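Q: Here it is: the structure, laid out below.
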Amino acid sequence: MSIRPARVRAIVVAVLVLAFVIPWTYAHIAYSWDWKEQSTGEACTGRYYLTPYDKQRSMKLGTISDGRLVYIGISGKVSMGRQIGSFGLSARDDNDHFDFLGGAEDLHLGDTTTIEGVGTFTLKEAHSGIVWFTPNPGKATFCFDPDPTFTFRDFP
532 MSIRPARVRA IVVAVLVLAF VIPWTYAHIA YSWDWKEQST GEACTGRYYL TPYDKQRSMK
592 LGTISDGRLV YIGISGKVSM GRQIGSFGLS ARDDNDHFDF LGGAEDLHLG DTTTIEGVGT
652 FTLKEAHSGI VWFTPNPGKA TFCFDPDPTF TFRDFP
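Residue numbers for the sequence shown follow this note's numbering, beginning at 532 and rising by one.
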């Protein structure tokens, strides 16, 4: 059996089509399930929205009662129609030493967690990054209700 140029072209075209169709189909399924979660109500009334402008960097959130600056890192994704968000908190002292304060992984839409001395975080929404062959880190928005002892940094 000889491989003719027409057959080679057909194989190459088929592989290229599959390389596009498979991730395109995955992305549309992940974002378009009929049972996709819907946000209900306004969960952040009287609270703060937290969403990163750059998913690779931590944001300064404020200071805890002992004066240390608190940083937050946030990520999000959509998996099988479910919005999932995670965050981590760390405190920096004057010697540039970071201590892990707490966080949460794989919170679903509307889930809430409280970090003592910082406040309460509720997942408002999450988005995946660009989806091709692997899930990429995305962004999430949390509602933040600060603890009375926490000083929120409400400026950029």
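Yeah, the Cβ is synthetic: ideal placement off N, Cα and C, and Gly gets one too. As the structure is a prediction and not an experimental result, all values here were calculated from the model.
1) My output table needs one value for R538: the three-state DSSP class, helix, strand or coil.
2) Given 8 angstroms as the limit, is there contact between the segment 643 to 651 and the segment 675 to 682, that is, 3 or more CB pairs closer than that?
3) With DSSP as the reference, label V546 as helix, strand or coil.
4) Using the beta-carbon count (16 or more within 10 Å), is V548 buried or exposed?
5) When the Cα atoms are used, what is the spatial distance from L620 to V539?
6) Apply the 10 Å Cβ neighbour rule to S606 and answer buried if 16 or more other Cβ atoms are within range, or exposed otherwise.
7) Does the Cβ-Cβ distance between L640 and V601 come in under 8 angstroms?
8) Would you mind stating whether L638 and S659 have Cβ atoms separated by less than 8 angstroms?
9) With a 10 Å radius around its C-beta and 16 neighbouring C-beta atoms as the bar for buried, classify A550 as buried or exposed.
10) Looking at the unbroken beta strand (DSSP E) that takes in T653, where does it start and where does it end?
11) Tell me which residues share the same chain as H628 and place their Cβ nearer than 6 angstroms to its Cβ, disregarding the 5 neighbours each side in the sequence.
12) Suppose you measure from the CA of G612 to the CA of T556; what does that come to, to the nearest Å?
A: Quick answer:
1) Secondary structure at R538: helix, using DSSP grouped into helix, strand and coil.
2) The segment 643 to 651 vs the segment 675 to 682: in contact.
3) Of the three classes helix, strand and coil, the one that applies to V546 here is helix, per DSSP.
4) By the 16-neighbour rule on beta-carbons within 10 angstroms, V548 is exposed.
5) Looking at the backbone, the Cα of L620 and that of V539 are separated by about 54 angstroms.
6) The residue in question, S606, is buried, as its Cβ has 16 or more Cβ neighbours within 10 Å.
7) No, Cβ-Cβ distance for L640 and V601 is not below 8 angstroms.
8) No; because the gap between Cβ atoms is not below 8 angstroms, this pair is not in contact.
9) Label assigned to A550: exposed.
10) It spans G650 to H658 - the beta strand (DSSP E) in which T653 sits, taken as one unbroken run.
11) Hits under 6 angstroms: none found.
12) A direct Cα-Cα distance of roughly 13 angstroms separates G612 from T556.
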